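*Asks:* Supplied in structure tokens, the structure appears directly below.
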Amino acid sequence: MIDRRQAMRLAALGVAAPAVLRVTRANAAEVTLKMHHFLPPVSNGHARFLKPWADKVAADSNGRIKIDIFPSMQLGGAPPQLFDQARDGVADLVWTLPGNTPGRFPGIETFELPFVPAKNALPNSIALQKFADQYLKDEFKDVHPICFWSHDHGLIHTNKPVAKMEDLAGLKIRFPTRLAGEALKALGATAVGMPIPQVPESLAQRVIDGCVVPWEVVPAIKVHELVKNHLEILGSPTFYVATFVLAMNKPKYQAMPADLRAVLDKNSGEFAARMAGKVWDDQAVAVSDMVRKRGNSITTLSIEENIRWRKAVEPVREAWLKGMKDKGLDGGKLLAAAESMIAEAARA
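Quick note on my numbering: the sequence shown kicks off at 81 and runs consecutively.
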């Protein structure tokens, strides 16, 4: 038989139990999101941007949002399919390059034109996010964009030294974006398009003679081990960059509670773009130092060659402007806006 003292204790436990349950529920994930991308987990993009960003979202939501990251295309498919995976709900979040699907996102190509972007990722990323907010809403209407950003100046990494335009003649160089490929062709190289996960084996098997990537990605795909020559094209504007988008499935975003959408919104836009840009810039310094200490050859394109290269790729810009006009888009307006935004961000 339960005495009065035991009854009081049980009653107290009964009152306390719902409070305990409320605390447990508050700290449990209410929304779990699957993020999918194409690089390995050791890559700087994963380890220094995507994971810290996901951890911050979890912390800001008091654990109510949990983001599981699937690197190296672990959810299946190929890198060019990532955008559609976000659109269709195969993944809730994807990190991808719009340039993986040439011609599909003509507006964002403005930042990928040769000798348009700045040499550093931070001003490029700030400017691209501002540009996207103003000009790219329709282009990316099928998803909910978290942020846009761009890396720092891309380099040409080759198995033989390159110091001038003539050195590129006949070299098979992997390009990351349509316009980078057109620029390489204009400079005399044989441009080869392929997703970045295929680059290491292609270099090792001599399917290609080199690739165009920024410093940040070099360790993840072992470029510094597979080739010994690296050509920097310094100065602003620089030869080439690629653009990125962190995109979310729109119905998934819209179905989230308003307060959790607010957590994502707080960690979106320029905040996330700045976070990404800083990672790319910091890693450019760290990786270039590592490659130099390894004994690889790092050459900087001379001022005279820089002028020659810029003149040689002018037809790429003209062809892009014509193509935009054929699509009913004002390429000149977009280009002027991009250059102005990049210059403003670089001064800040």
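Ideal Cβ placement from N, Cα and C applies to all residues, glycine included.
All values reported here derive from a predicted model rather than from experimental measurement.
Tell me whether the beta-carbon of residue 239 lies closer than 8 Å to the beta-carbon of residue 309.
*Replies:* Here residue 239 refers to the residue found at position 159 of the sequence shown. Here residue 309 refers to the residue found at position 229 of the sequence shown. In this structure, residue 309 lies closer than 8 Å to residue 239 by Cβ.
*Asks:* What is the residue span of the alpha helix (DSSP H) that residue 254 lies within?
*Replies:* By one-based count along the sequence shown, residue 254 stands at place 174. First-last for residue 254: 252-255, but that is the beta strand (DSSP E), not the alpha helix (DSSP H).
*Asks:* Which stretch, first to last residue, makes up the alpha helix (DSSP H) that contains residue 368?
*Replies:* Taking the sequence shown and counting its residues from 1, the one referred to as residue 368 is at position 288. Unbroken alpha helix (DSSP H) run through residue 368: 350-374.
*Asks:* Judging by CA-CA distance, which residue of 264, 231, 110 and 288 is the nearest neighbour of residue 207?
*Replies:* Along the sequence shown, one-based indexing puts residue 207 at 127. Out of 264, 231, 110 and 288, 231 has the C-alpha closest to the C-alpha of residue 207.
*Asks:* So for residue 111, helix, strand or coil by DSSP?
*Replies:* Locating residue 111 in the sequence shown gives position 31, counting from the first residue. In this structure, residue 111 counts as strand in the three-state DSSP scheme.
*Asks:* Mind the definition here: the stretch 323-342 touches the stretch 243-256 only if three or more C-beta pairs lie below 8 Å; say whether that holds.
*Replies:* The answer is no - the stretch 243-256 does not touch the stretch 323-342, with fewer than three Cβ pairs under 8 Å.
*Asks:* If we call anything under 8 Å between Cβ atoms a contact, is residue 332 one with residue 156?
*Replies:* Your numbering for residue 332 matches position 252 in the sequence shown. Your numbering for residue 156 matches position 76 in the sequence shown. Cβ distance not < 8 Å, so residue 332 and residue 156 don't count as in contact.
*Asks:* Which runs of the alpha helix (DSSP H) fall wholly inside the stretch 292-353 and span at least 4 residues, in chain order?
*Replies:* List check, alpha helix (DSSP H) in window: 303-306, 330-335 and 338-346.
*Asks:* Between residue 131 and the rest of its own chain, which residues show a CB-CB distance below 7 Å, the 5 nearest in sequence each way excluded?
*Replies:* As a working mapping, residue 131 is identified with position 51 in the sequence shown. If we look at residue 131 and ignore the five residues flanking it on each side, its Cβ neighbours are 149.
*Asks:* My parser needs the alpha helix (DSSP H) runs of 4 or more residues fully inside the stretch 137-185; what are they?
*Replies:* Fully enclosed alpha helix (DSSP H) runs of 4 or longer: 162-168.
*Asks:* Which residues share a DSSP beta bridge with residue 290?
*Replies:* Position 210 of the sequence shown, counting from 1, holds the residue named residue 290. In DSSP, residue 290 forms a bridge with 238 and 253.
*Asks:* Does the distance from the C-beta atom of residue 319 to that of residue 179 stay below 8 Å?
*Replies:* Locating residue 319 in the sequence shown gives position 239, where the first residue counts as 1. Locating residue 179 in the sequence shown gives position 99, where the first residue counts as 1. It is not a contact, given that the beta carbons lie outside the stated cut-off.
*Asks:* Figure out for me which residue from 395, 330 and 401 has the closest Cα to the Cα of residue 267.
*Replies:* Translated into the one-based positions of the sequence shown, residue 267 becomes position 187. The residue with the shortest Cα to Cα distance from residue 267 is 395.
*Asks:* Take residue 57 and list the residues in its own chain whose beta-carbon comes closer than 6 Å to its own, dropping the five residues that flank it on each side.
*Replies:* Residue 57 lies beyond the stretch modelled for the chain, which goes from 81 to 428, so this question has no answer here.
*Asks:* Output the distance between the C-alpha atoms of residue 117 and residue 341, rounded to the nearest integer angstrom.
*Replies:* For the purposes of this step, residue 117 is identified with residue 37 of the sequence shown, where counting begins at 1. For the purposes of this step, residue 341 is identified with residue 261 of the sequence shown, where counting begins at 1. Looking at the two C-alpha atoms, the distance is approximately 22 Å.
*Asks:* Below 6 Å CB to CB, which residues in the same chain sit around residue 195 once its five sequence neighbours on both sides are set aside?
*Replies:* In the sequence shown, the residue the question calls residue 195 occupies position 115. 317 and 390, listed in sequence order.
*Asks:* Can you check whether the CB of residue 216 is closer than 8 Å to the CB of residue 187?
*Replies:* What you label residue 187 is simply residue 107 of the sequence shown in a count that begins at 1. What you label residue 216 is simply residue 136 of the sequence shown in a count that begins at 1. Going by C-beta atoms, residue 187 is nearer than 8 Å to residue 216.
*Asks:* Measure the beta-carbon distance from residue 227 to residue 214 and round it to whole angstroms, keeping in mind my assumption that it falls under 8 Å.
*Replies:* Here residue 227 corresponds to residue number 147 of the sequence shown, with the count starting at 1. Here residue 214 corresponds to residue number 134 of the sequence shown, with the count starting at 1. Not confirmed; about 15 Å, so no contact.
*Asks:* Are at least three pairs of beta-carbons, each pair with one atom in the stretch 290-304 and one in the stretch 360-376, less than 8 Å apart?
*Replies:* The stretch 290-304 is in contact with the stretch 360-376.
*Asks:* Can you tell which of 288, 159, 127 and 133 has its C-alpha closest to the C-alpha of residue 351?
*Replies:* Within the sequence shown, numbered from 1, the residue matching residue 351 stands at position 271. The candidate whose alpha carbon is nearest that of residue 351 is 133.
*Asks:* Note down the Cα distance separating residue 413 from residue 305, rounded to an integer number of angstroms.
*Replies:* Along the sequence shown, one-based indexing puts residue 413 at 333. Along the sequence shown, one-based indexing puts residue 305 at 225. About 43 Å.
*Asks:* Since residue 303 and residue 288 should fall inside the 8 Å C-beta cutoff, what is the C-beta to C-beta distance between them, to a whole number of angstroms?
*Replies:* The count along the sequence shown starts at 1 and reaches residue 303 at position 223. The count along the sequence shown starts at 1 and reaches residue 288 at position 208. Not quite, the Cβ-Cβ distance comes to about 11 Å (not below 8 Å), so this is no contact.
*Asks:* Please state if the CB of residue 199 and the CB of residue 314 are separated by a distance shorter than 8 Å.
*Replies:* Within the sequence shown, numbered from 1, the residue matching residue 314 stands at position 234. Within the sequence shown, numbered from 1, the residue matching residue 199 stands at position 119. Their beta carbons are under 8 Å apart, which means residue 314 touches residue 199 by this criterion.
*Asks:* For the alpha helix (DSSP H) that contains residue 272, what are its first and last residues?
*Replies:* The sequence position of residue 272 within the sequence shown is 192, counting from 1. From DSSP, residue 272 is part of no alpha helix (DSSP H) but of the beta strand (DSSP E) over 270-273.
*Asks:* To which residues of the same chain is residue 353 closer than 8 Å at the C-beta, ignoring the five residues directly before and after it?
*Replies:* Within the sequence shown, numbered from 1, the residue matching residue 353 stands at position 273. Closer than 8 Å at Cβ, skipping near neighbours: 205, 206, 208, 209, 227, 228 and 229.
*Asks:* Given this structure, state the Cα-to-Cα distance separating residue 290 from residue 282, to the nearest angstrom.
*Replies:* Position 210 of the sequence shown, counted from the start, is the residue given in the question as residue 290. Position 202 of the sequence shown, counted from the start, is the residue given in the question as residue 282. Between residue 290 and residue 282, the C-alpha separation is close to 9 Å.
*Asks:* Return the CA-CA distance between residue 120 and residue 279, expressed in angstroms with no decimal places.
*Replies:* What you label residue 120 is simply residue 40 of the sequence shown in a count that begins at 1. What you label residue 279 is simply residue 199 of the sequence shown in a count that begins at 1. Between residue 120 and residue 279, the C-alpha separation is close to 13 Å.
*Asks:* What's the gap between the Cα of residue 135 and the Cα of residue 311?
*Replies:* Taking the sequence shown and counting its residues from 1, the one referred to as residue 135 is at position 55. Taking the sequence shown and counting its residues from 1, the one referred to as residue 311 is at position 231. Between residue 135 and residue 311, the C-alpha separation is close to 36 Å.
*Asks:* Only counting the same chain, and skipping five residues up and downstream in sequence, which positions put a Cβ closer than 8 Å to that of residue 108?
*Replies:* Within the sequence shown, the letter at position 28 stands for residue 108. Answer for residue 108: 143 and 144, listed in chain order.
*Asks:* Could you tell me how far apart the beta carbons of residue 192 and residue 260 are, in whole angstroms, since I believe they sit closer than 8 Å?
*Replies:* Along the sequence shown, read from residue 1 onward, the residue named residue 192 stands at position 112. Along the sequence shown, read from residue 1 onward, the residue named residue 260 stands at position 180. About 7 Å separates the two Cβ atoms, so the contact holds.
*Asks:* Where do the N-terminal and C-terminal ends of the alpha helix (DSSP H) with residue 191 fall, by residue?
*Replies:* Numbered from 1 along the sequence shown, position 111 holds the residue referred to as residue 191. From DSSP, residue 191 is part of no alpha helix (DSSP H); its letter is neither H nor E.
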